[in-house]
Amino acid sequence: MNVLLHAERTIHAAPEAVYALCLDAERFPTLFTGFGPIPGLRRITLNGPLAVGATRDLEDNTGLVLKERIDALEPGRRHAYTLSGLHPPLAWLARSGHADWHFIPSNEGTRVVWTYDFELTGPLAWPLAWPLLQGFMRGAMLRCLDAMARALE
77 MNVLLHAERT
87 IHAAPEAVYA
97 LCLDAERFPT
107 LFTGFGPIPG
117 LRRITLNGPL
127 AVGATRDLED
137 NTGLVLKERI
147 DALEPGRRHA
157 YTLSGLHPPL
167 AWLARSGHAD
177 WHFIPSNEGT
187 RVVWTYDFEL
197 TGPLAWPLAW
207 PLLQGFMRGA
217 MLRCLDAMAR
227 ALE
């Protein structure tokens, strides 16, 4: 059982610029500030060259560290990764999350489509996981896209 999140926004910048900001380990943590019980990011550390299969450590504002494995890198078009190493209480509800970013050229710049597919620990997690993720994680995603737009426009 999964919870699928969807956030979308048009950013008045070229797809290559939006893609680069998404992968910028120095700037991106300042843009993902969290929402409600979802903490923001403090630091992203790349564990080797940026490539498919590479891992990154994400330290959140509470000091906990999560892992990302890069699943797709298509410059200016797509970036995907799997988030693991979740901590309680989220770890009680979800095993992992698969994020997929698409950067679509438009007349106004770039339409960014960001999905997150969280694999739940089981069907009993649904009644708690769905409102938590839809309300707060999706809210954090939308805030992040707004911050990216402000940074690039």
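Residue numbers (the numbering used here): 77 to 229. Just so it is clear, CB atoms sit at the ideal spot from N, CA and C, and this is done for glycine as well.
- In the three-state scheme derived from DSSP, where H, G and I count as helix and E and B as strand, D133 is classed as strand.
- Annotation: G139 to E92 spans about 31 Å, alpha carbon to alpha carbon.
- One Cα belongs to W168, the other to G161, and the distance between them is close to 12 Å.
- Judged by DSSP secondary structure, E92 falls within the alpha helix (DSSP H) whose first and last residues are P91 to C98.
- Counted as a single uninterrupted DSSP element, the beta strand (DSSP E) harbouring R85 occupies residues N78 to I87.
- Cβ contact annotation for G173 (same chain, cutoff 6 Å, sequence separation greater than five): L159, Y192 and F194, in chain order.
- According to the DSSP assignment, A216 belongs to the alpha helix (DSSP H) that extends over R214 to L228.
- With a threshold of 16 other beta carbon atoms within 10 Å, M217 meets it and is buried.
- Nearest to L80 by alpha-carbon distance, out of E135, M224, L196 and F108, is L196.
- Under DSSP, the beta-bridge partners assigned to W190 are A83 and W177.
- In the structure shown, L209 adopts helical secondary structure according to DSSP, grouped into three states.
- The beta-carbon distance between T86 and A223, rounded to whole angstroms, is 15 Å. This is too long to meet the 8 Å contact definition.
- Nearest C-alpha to P207 among C220, L142 and I114: I114.
- Going by C-alpha positions, A156 is about 9 Å away from W190.
- Measuring C-alpha to C-alpha distances from G198 to each of A225, A170 and N137 identifies A170 as the nearest.
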